[in-house]
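First comes the structure, then the notes that go with it.
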Amino acid sequence: RKTDISYLFSEEERHLRANDRPFNLSYRYANNAIKTSKYNIFTFLPLNLFEQFRRLANAYFLFLFCLQLIPQVSSLSWFTTAVPLILVLGITAVKDANDDINRHRTDKQVNNRRVDVLVDGQLRNEKWMNVQVGDIIKLENNQFVTADLLLLSSSEPLNLVYVETAELDGSVSVCVCDYSVYLSSGEVRCEPPNNRLDKFKGTLTLDQQVSSLDNDKVLLRGCTLRNTEWCFGLVVFGGPDTKLMQNSGKTVFKRTSIDHLMNVLVLCIFGFLATMCTILAIGNAIWEVKEGSVFTAFLPRENGIDASLSSFLTFWSYVIVLNTVVPISLYVSVEIIRLGNSFYIDWDRKMYYPKSDTPAQARTTTLNEELGQIKYIFSDKTGTLTQNIMTFNRCSIKGKAYGDFCFLFSLQKTDKVDFSWNQLADPKFVFHDHSLLETVKDGNPEAQTFFRLLALCHTVMPEEKTEGELVYQAQSPDEGALVTAARNFGFVFRSRTPETITIMENGRKVVYELVAVLDFNNVRKRMSVIVRSPDGRITLFCKGADTIIYERLHPSCSKLMEVTTKHLNEYAGDGLRTLVLAYKDLDESYLGEWRQRHHEAVTSIEDREERLDEVYEEIEKDMMLLGATAVEDKLQDGVPQTIEQLAKADIKIWVLTGDKQETAENIGYSCNMLREEMKDIFIVAANTAEGVREELQVWMYFQTCLWGGFLIIPGSFHLQAFALEKNMQLELLRTACMCQTVICCRVTPLQKAQVVQLVKKYKQAVTLAIGDGANDVSMIKAAHIGVGISGQEGMQAVLSSDFSFAQFRYLQRLLLVHGRWSYLRMCKFLQYFFYKNFTFTFVHFWYAFFCGFSAQTVYDEWFITCYNLVYTALPVLGLSLFDQDVNDRWSSRHPQLYSPGQLNLYFNKKIFVRCMMHSCYSSLILFFIPWAAIHDTVRDDGKDIADYQSFALLAQTCLLVVVSIQLCLDTHYWTAVNQFFVWGSLAAYFAVTFTMYSNGMFFIFTSAFPFVGTARNSLNQPNMWLTIFLASLLCILPVVAFRFILIQLRPTINDKVRHKVRKEALPAPPPRRPPPRRISTRRSGYAFSHAQGYGDLVTSKGFLRPLKSRPALFIQKDSALAQNEPQHYRTISEEPEGSMSP
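Residue numbers (the numbering used here): 5 to 1146.
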């Protein structure tokens, strides 16, 4: 037995025995307890403070606080820095503590769940945390799966279990097995712990027989057992080793361009602060030499303090005095603003989809303003632009075309085909070509073989509650549409077992032996089944992409290929999804040899997929072409209008799809991405990397003269030629970015991510990726912003996204309304925040020249403490949460308003410098006007008021009034909350000032409030209020004049629209028109939304048994996913009439 502890750090293979704890404990595998919390009662304070002080701003203010404790350096009381720092740290600590308390509660709740463990043939109830690897446990219906389990048996026929995987990917799944629950000597060897949810490799040795294990025989922690009374499972991975916990690692934190700019500006501010402090320190040294030695009118000079030492101490003193130039509350305020704006997305009823009860959701609260700067959108097609609801539309059988093509040449369709003769037909199925039905009824062998293939070659699972009421559970909508078509034309798929498939052929029951399923994957792009008919004939049926199938056809099919290709061109020209069908008769002796090689490949642990691909390739050749199918996937409602509006906003949309070129191209025409007037269409046609390079260079030269055009990259080979080759990347990017529209066809999930990363790497632009399926996850994670659509392909895309909703059309509102508002509000906040802080700080800088550079402050210490935290905090938050230049309807009507965000016009380094210059001017007014007004001034009764305290009160009052008026000028949209925050803050200032400067406060806290009587004696003088008015006028009037002149001479698009809003009422939005169907003759458009793995499932002693509450298939009810409930399905035709449109 292996007991070396080093095995823990280099586990290459997991070895365990069923129900043998001593053996399994020798490997020191992790038990089933989990710990997601970060702190405990003893470590919270030190660890949390350590994490917070790792942030530069917090560490900087801690350093300032330490400086303030040195009497020779600090001229301010300790609380001026300590109070803001403690408040910021406290807010963050409370949030972190609340989050960690919730994690502790969750951990305790999960670890203390109970489960039955089989010990010595008896069931013992144990806590989850006490379960060990190798234990056999019993689960019951609706019970959470305790750990990653190898399924052993269940209460259902053929050992089927049904599980809901909402915590993992939001979808549903099944597991099957055929092992005995009473394993006493069974041994499992499998892969080490990993985060791959869709893969599992291992072998089970039982009675010296080795069986292969794969993902279909494993129940993962995070699932819930549904509609199964009980099941037994063997614990393979526990606690932190489970795939759920392995996937709960740290997510890559996305930062916005505003974040990066703020980091750069904060560093610049540090440099600017050091420069100011250096200037003032040098000034102190000069003053000490010239004036300091004789300036002993009040206090005697300290011995041993020369000019150089005084200058050194003064430098650090001014670091303290001028510290407000580095805003301590900046990052906290930014997070509050982002959180508030994310709530608007969650609450937006115009982005709520009632049919699936799906609201929009801001899953990340740190990227809102980035939505207002998108330049490139990368979109999937199927399920994103289209509905992913498939209907069988046309077909080609042995060179003859059938289907709904007649309506293209007339305004009236032919009558629907009457399927009433077929008692098992789906009454909701609609087809208009009567000749196809007559061909089948007449016994045409090719037509019958065609539909026999559709009825046999799939992974659909049937349910028949009552006689004749069939419901198909299809893993992909494509398969459901094809099997339903076969059903209506007389080839009804009735049932399956791991060894057989039963179909009704024109009313006659036929049972086929299922020899093998050659499963689909994204590389193969095809699937096959090998069946033996009752008369002993062995046939391989195959369906897949046209180019893939054509490469494996017998040479005698060349003429039929030409005719079928012509039909595929017609189908793809209408944007239909196509598949090619083929078959091959097999010899019994050859099949026996092949099955032996297939078994060896299936039971191998190393390189199982590669070996299976080799075995599949061996048999899938020299096939006979049978025909092709065409399935229609309609556009989602509002897609053309949305794309048109986004294009007007100068957002470029790239479609990255696995479909064929022609299908994607014609969908592009349907959704207004492409238009008939686009004459310059460039298709990468070369078959070598050098040829691709030459084509790109020629096109790029042409485009320098005529900007625009349309680029199509037709296949994965071409993407491989430039996306993976560094010397080709820039050629592609230059050419693609000069085109109005780019479509990349036949791309793999990895290539989608590579294209996004290519644009991110070389273009200074913000990217957004949007998709609905698991194959879009890598693209969504690669982009600056990832948007998931909750559709027909589960919730994988949503779970990996930053924002999610149910329909593509909501993207327009997300970007043009919420994104633009969030960006505008954040930029206004930053401009105003830096303005008020620099203005506050520069007044200290000017005052230094009048106080011997002694690091004295202009304002009262309590005003310094409360300025950012109390007096100016709420007004700027009101501006940042409620302001809008125009309302949502005008934002959507004028998408050109979006372009300033793409160009970073509202806040950039130039704007930051302008804020500094504005602050510098305001600070000059706010210092010298009060100084001149109060210098040698007396009251009406002849008493002198030219004292420091009166000057400080006057200066800080002028400052607060000016920055409040400036905020009012920046506010375009006033609400009651804004009014309350602005005027309430001013009222609070005067109330607090009169209270702190009162006699009562002085008597109670003599040393803390030295400005006793200052407010009462100063603010009752008319000249003080006239000074406040004059300072405000001189600060604000130039701003108003500059903005007025700028609007008259160089109005922006924002100015023009706001002027237009005042002049006219907003018209009602135009009615939506269905997009016209474009007819063209092009190559076929392959698409097949199948996922790999289901071939093994249907041959694993079980079949997919749906929920008892499910009436039909295809359309998922997403609210059930959100509530961790079983998913419910409906057929297309069971949707209420008109349900395809919102």
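Ideal Cβ placement from N, Cα and C applies to all residues, glycine included.
query	result
Give the straight-line distance between the Cα atoms of Lys547 and Leu901, rounded to the nearest whole angstrom.	49 Å
Does Ala285 come out as helix, strand or coil in the three-state DSSP assignment?	helix
Please say whether Leu224 and Gly206 have beta carbons closer to each other than 7 Å?	no
Between which two residues does the alpha helix (DSSP H) carrying Thr569 extend?	562-577
Alpha carbon to alpha carbon, how far is Ala740 from Pro197? Give it in angstroms, no decimals.	42 Å
Alpha carbon to alpha carbon, how far is Asn145 from Leu229? Give it in angstroms, no decimals.	5 Å
For Leu20, count the other beta carbons within 10 Å of its own beta carbon; 16 or more makes it buried, fewer makes it exposed. Which is it?	buried
Since Tyr836 and Leu971 should fall inside the 8 Å C-beta cutoff, what is the C-beta to C-beta distance between them, to a whole number of angstroms?	6 Å
Quick one: what's Met531 bridged to in DSSP?	Lys547
Can you tell me where the alpha helix (DSSP H) with Leu313 in it begins and where it stops?	311-325
Under 8 Å, with one C-beta from each stretch per pair, do the stretch 906-926 and the stretch 837-852 reach the 3-pair mark?	yes
Ignoring anything shorter than 4 residues or poking outside the stretch 611-684, list the alpha helix (DSSP H) runs there in chain order.	612-623, 643-652, 665-674
Rounded to whole angstroms, what is the Cα-Cα separation between Asn219 and Val98?	42 Å
Around the Cβ of Pro1055, are there at least 16 other Cβ atoms within 10 angstroms (buried) or fewer (exposed)?	exposed
Suppose the cutoff is 7 Å on Cβ atoms and the five residues either side in sequence are ignored; what does the same chain contact list for Glu613 look like?	none
For the alpha helix (DSSP H) that contains Glu339, what are its first and last residues?	334-351
Give me the residue from Ala278, Asp310, Thr279, Met280 with the minimum Cα distance to Trp291.	Asp310
List the residues that DSSP assigns as beta-bridge partners of Ala405.	Ser400
Taking the alpha carbon of Val1061 as the reference point, which residue from Asn891, Lys42, Tyr357 has its own alpha carbon closest?	Asn891
May I have the straight-line CA-CA distance separating Pro1026 from Ile341, to the nearest angstrom?	40 Å
Would you call Phe493 buried or exposed, if buried means 16 or more other Cβ atoms sit within 10 Å of its Cβ?	buried
Roughly how many whole angstroms lie between the Cα atoms of Tyr1147 and Thr861?	Nothing in the structure corresponds to residue 1147, since the chain is present only between 5 and 1146.
May I ask you to list the residues that DSSP assigns as paired with Phe382?	Trp658, Ala773
Where DSSP assigns a beta bridge to Asn23, which residues make up the other side?	Its beta-bridge partners do not exist; DSSP assigns none.
Looking only at its own chain, which residues have a Cβ that is under 8 Å from the Cβ of Ala63, when we skip the five neighbours before and after it?	Phe57
For Asp523, is the classification buried or exposed, using 16 other Cβ atoms within 10 angstroms of its Cβ as the cut-off for buried?	buried
Please report how far the alpha carbon of Ser175 lies from the alpha carbon of Ile793, in whole angstroms.	Any reading at Ser175 must be qualified, since the residue scores a pLDDT of 47, below 50, and its modelled position is unreliable; no value is offered.
How far does the beta strand (DSSP E) with Phe911 in it extend, from its first residue to its last?	No beta strand (DSSP E) holds Phe911; DSSP gives it neither H nor E.
Between Ile505 and Arg530, which are expected to be in contact by the criterion C-beta below 8 Å, what is the C-beta distance as a whole number of angstroms?	That belief does not hold up - the Cβ atoms of Ile505 and Arg530 are roughly 19 Å apart, past 8 Å.
Whole angstroms is fine: what's the gap from Arg32's alpha carbon to Asn134's?	14 Å
Give me the Cα-Cα distance between Phe853 and Ser927, rounded to the nearest whole angstrom.	14 Å
Can you say whether Gln76 is buried or exposed, counting buried as having 16 or more other CB atoms within 10 angstroms of its CB?	exposed
With distances taken from CA atoms, which of Glu130, Arg25, Val119, Ser215 is nearest Lys142?	Val119
I need the boundaries of the beta strand (DSSP E) containing Thr207, first residue and last residue.	206-210
Evaluate the contact criterion for the stretch 896-916 versus the stretch 380-387: three or more CB pairs, one atom per stretch, below 8 Å.	no
Using three-state DSSP, classify Phe497 as helix, strand or coil.	strand
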